[in-house]
Structures are given as C-alpha cells and as structure tokens.
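Some notes on the structure that comes next.
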Amino acid sequence: GLEKAEGTSFRWRGRYRHDLNSAETLETHLGVFSNFMPKIPEQFRSAPFVFLGNIDPRLQLDVLRQVNRPKLVACDTMNFWIESRRPELVELLKQVDIVTLNDGEARQLTEKANLVKAARWIMDLGPKHVIIKKGEHGAFLFSGKSIFFAPAVPLESVFDPTGAGDSFAGGFIGYLARTGDLSEENMRRAVIYGCAMGSFAVEKFSIERLMEISREDINARVSELRKLVAFEEELQA
Numbered sequence: 725g726l727e728k729a730e731g732t733s734f735r736w737r738g739r740y741r742h743d744l745n746s747a748e749t750l751e752t753h754l755g756v757f758s759n760f761m762p763k764i765p766e767q768f769r770s771a772p773f774v775f776l777g778n779i780d781p782r783l784q785l786d787v788l789r790q791v792n793r794p795k796l797v798a799c800d801t802m803n804f805w806i807e808s809r810r811p812e813l814v815e816l817l818k819q820v821d822i823v824t825l826n827d828g829e830a831r832q833l834t835e836k837a838n839l840v841k842a843a844r845w846i847m848d849l850g851p852k853h854v855i856i857k858k859g860e861h862g863a864f865l866f867s868g869k870s871i872f873f874a875p876a877v878p879l880e881s882v883f884d885p886t887g888a889g890d891s892f893a894g895g896f897i898g899y900l901a902r903t904g905d906l907s908e909e910n911m912r913r914a915v916i917y918g919c920a921m922g923s924f925a926v927e928k929f930s931i932e933r934l935m936e937i938s939r940e941d942i943n944a945r946v947s948e949l950r951k952l953v954a955f956e957e958e959l960q961a
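In the working numbering, the protein residues as written are 725 to 961.
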C-alpha cells in the first residue's frame, strides 16, 4: 500500500500558542498530495475497520468506493479542507460512522460556538458518533443523546503536540479493531485508549516516543486516566 512519487511532501506550518493547546495555521503546501490518487491493494479492500486520514475529502470518498462494506468507517479532517472542500466534506460525512475533529474545526464546520450543538449538527448529517478533541483538556464522545468525556493525561513536559490527534485516532480505532466490539461502552474505552496514545505522542518529536512504548506502558497510562476520574458515588438526601 506504500506509494512513492516524485515531488515535495505535504507540508504544514503553524504557530503554537504558549500553552501548546491550539495552533494557528500559517501555510499548507499539498505537494505530491495535489495529484495523489489512492489505490487500495486488493488484500486490504475487505478490511472491517477503515479510518480515512486527514486528506482531501474527494480522496477520502474515493477510498470509500474501493473498500467492500466495512464494519465501521471513521474519518478525520482539518481546517484547510473545511474551508476549501466544504461540499465534498459534507458529502463524506453522510457516509461515515464516526467523525473525529478538534473543537476549533467543529466550530468552523458547523458555525456553532456550542460544542454540544456542533456535535448534534454533525450527527444530523449521518454519523452515529462524533469525537471532539480539546487538546490538553481531553475529548468528548457524542453518541445519540449520550455524552462521554475523557480527560487528557496531565503532563509536566510537552515537547511537540503535532500528531497528537492522529495518535488519538490510531489508539481509538486500534482498540475497536482489536476488540471487535462496537457497543457504546466499548467506544468509551476506545476513547480512553486514544487519549493514552495521544499523551505519549506529545512527549517527543514525531513518532519517536511511540516507537519506544510497550503494551505495559499503554496499560499503565490507561490506568492513570481511570484514576483521574474514579470516585465513590455517595448521593446526599
């Protein structure tokens, strides 16, 4: 499935604010992506779980046409495509089960400041679930009328937040694919695994930290997340 082409790679240049929680896009250069046409190898066309990474919605739609009735389809996007390919993106959203995007992108897409209303707007297009990521403040999972919130791991040192969203998506979809369970309860667990993977990604540059960790490290990080929200319910009369 790996294809090489002559030309420059896709490049994004941005500026992070002092808290590293949000980025200002300065430049986006498509490079070889401007003429890229995905070709899915035959052995992958029956994959039960499909994640459409952050590329031109027209290409994401083309990938969908090449796969055979997947069990679940999720997609990601970014501000560049929301601005430049909005009609195609809306068409894509009608054909996927899960959408992942950050809070700024959700507001840009829906033109709604309230994230609950933004998620409802997106689900009205067709997706059963919407994940809205909020960087160091965690992530929301919207499913029907239910809302689940997962915190981010509090880290003393953050090296580079670039790619944290992709790492979240990998952890989320990877957990669902490994378990094969698409219940809402398991979706919530998958969000926790996504948050865990995102927390590792920001600790070093690129995928360096992800190359170092073991399953034991991941499980330990998931346990940290569980402890952050664990409490004994004691309702007062």
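We put the beta carbon where it would ideally sit given N, CA and C, even for glycine.
Same chain only: Cβ atoms within 6 Å of residue i, ignoring 5 sequence neighbours per side
{"i": "threonine 965", "result": "Residue 965 cannot be examined here, being either before or after the span of the chain that is shown, 725 to 961."}
{"i": "tyrosine 917", "result": "Gly895, Tyr899"}
{"i": "phenylalanine 872", "result": "Leu865, Arg912"}
{"i": "glutamate 908", "result": "Ser867"}
Nearest-angstrom beta carbon gap, residue j and residue i [assumed within contact, 8 Å]
{"i": "arginine 769", "j": "valine 791", "result": "5 Å"}
{"i": "glycine 889", "j": "methionine 921", "result": "Between methionine 921 and glycine 889 the Cβ distance is about 10 Å, and since that is not below 8 Å, they are no contact."}
{"i": "threonine 886", "j": "lysine 857", "result": "That belief does not hold up - the Cβ atoms of threonine 886 and lysine 857 are roughly 14 Å apart, past 8 Å."}
{"i": "proline 875", "j": "leucine 817", "result": "Not confirmed; about 27 Å, so no contact."}
{"i": "valine 915", "j": "alanine 830", "result": "Wrong, their Cβ atoms sit about 16 Å apart, outside the cutoff."}
{"i": "leucine 839", "j": "aspartate 800", "result": "Not confirmed; about 17 Å, so no contact."}
Endpoints, the beta strand (DSSP E) within which residue i is located
{"i": "glutamate 748", "result": "747-753"}
{"i": "phenylalanine 892", "result": "Where phenylalanine 892 is concerned, there is no enclosing beta strand (DSSP E), although the alpha helix (DSSP H) it sits in stretches over 888-903."}
{"i": "asparagine 826", "result": "822-826"}
{"i": "arginine 769", "result": "First-last for arginine 769: undefined, no H or E at that position."}
{"i": "phenylalanine 866", "result": "863-867"}
{"i": "alanine 876", "result": "Where alanine 876 is concerned, there is no enclosing beta strand (DSSP E), given that its DSSP letter is neither H nor E."}
{"i": "lysine 852", "result": "Run containing lysine 852: none; DSSP gives neither H nor E here."}
{"i": "arginine 739", "result": "735-740"}
Cut-off 8 Å between Cβ atoms - residues of its own chain near residue i, not counting five sequence neighbours on either side
{"i": "glutamine 819", "result": "Leu785, Leu788, Val797, Gly850"}
{"i": "arginine 945", "result": "Val877, Ala920, Ser923, Phe924"}
{"i": "arginine 782", "result": "Arg809, Glu812"}
Extent of the continuous alpha helix (DSSP H) run through residue i
{"i": "isoleucine 937", "result": "Where isoleucine 937 is concerned, there is no enclosing alpha helix (DSSP H), given that its DSSP letter is neither H nor E."}
{"i": "proline 918", "result": "The identity of residue 918 in the sequence shown is glycine, whereas the question assumes proline. Element bounds for glycine 918: 908-925."}
{"i": "arginine 844", "result": "839-849"}
Sequence-distant residues of the same chain with beta carbon closer than 7 Å to residue i, five excluded per side
{"i": "glutamate 748", "result": "Gly738, Arg739"}
{"i": "glycine 731", "result": "Gly755, Val756"}
Buried versus exposed call for residue i [16 or more other C-beta atoms within 10 Å across all chains shown]
{"i": "serine 733", "result": "exposed"}
{"i": "phenylalanine 892", "result": "buried"}
{"i": "valine 926", "result": "buried"}
Which whole runs of the beta strand (DSSP E) in the segment 776-820 are 3 residues long or more, in chain order? 796-800
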